[in-house]
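For our numbering, add 1168 to where a residue sits in the sequence shown, where the first one is 1.
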Amino acid sequence: MAAESRARLICVMGVAGCGKSTIGAALAEALGAAFVEADAYHPATNIAKMTAGTPLTDEDRLPWLDALGAAAPREGTAVIACSALRRLYRERLTKAAGAPVFFIHLAGEKSEIAGRMATRGGHFMPTTLLDSQFAALEPPAPDEPHLALDISEPPDTLIAIALKELSCLTF
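Written as structure tokens, this is what we have:
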């Protein structure tokens, strides 16, 4: 496959309520890229568990990551909004996508994220699961291709930082 037709996959990751969908969609628009919302790939059983306040297990998440990776575009650039909380999940997503993935970790204080979750409507993830999200979170290690962004910055600033970093990458 020619280099210009290889997929460039960027995953905006972090705990629930950190802004993955907002930042991911804006970043995709700025890049002229496809946007993939991981929540759309959860089976109904996962959504029911989370809606009921039950954290997902690895057994729940691994098939979801496989489906998400399989749905990732095989050419062009795509931005995926996915929690990818643990290294295992990031590796599983990358393997299923069949292409390298660059991760943008949206990091922030639990209190700020809880406040955001409390004011958003129409999402199945209750604020009561935030502690389990932080407990599962393994921030990307230095050997993982990633950029960490502090969500206390305005979205436009986060997008500008991400675009600058991405412009220097070849993947």
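Note that CB positions come from ideal geometry on N, CA and C, so glycine has one too.
These numbers come from a predicted model, not from an experiment.
Report the three-state DSSP secondary structure of residue i (helix, strand or coil).
i: A1202; result: strand
i: M1169; result: Low confidence applies to M1169: its pLDDT is 34, below 50, so where it sits in the model is not reliable enough to give any reading.
i: A1275; result: strand
i: T1338; result: coil
i: F1302; result: helix
i: A1184; result: coil
i: R1176; result: strand
i: W1319; result: The sequence given here has Ile at residue 1319, not Trp. If DSSP states are grouped into helix, strand and coil, I1319 belongs with coil.
i: A1249; result: strand
i: G1192; result: helix
Check this for me: beta carbons of residue i and residue j, under 8 Å apart or not?
i: M1181; j: L1297; result: no
i: L1177; j: A1267; result: yes
i: E1306; j: R1260; result: no
i: E1243; j: A1175; result: yes
i: G1192; j: A1249; result: yes
i: T1190; j: P1323; result: yes
i: A1184; j: Q1301; result: yes
i: A1328; j: L1195; result: no
i: E1312; j: R1258; result: yes
i: N1214; j: D1226; result: no
So what does residue i bridge to, in DSSP terms?
i: G1266; result: According to DSSP, which records beta bridges pairwise, G1266 is partnered with nothing at all.
Sufficient close CB pairs (3 or more, under 8 Å) joining the stretch 1311-1324 to the stretch 1228-1242: no
Three-pair Cβ contact test at 8 Å for the stretch 1201-1213 versus the stretch 1264-1273: no
Completely contained beta strand (DSSP E) runs for the stretch 1194-1242, where each covers 3 or more residues: 1202-1205
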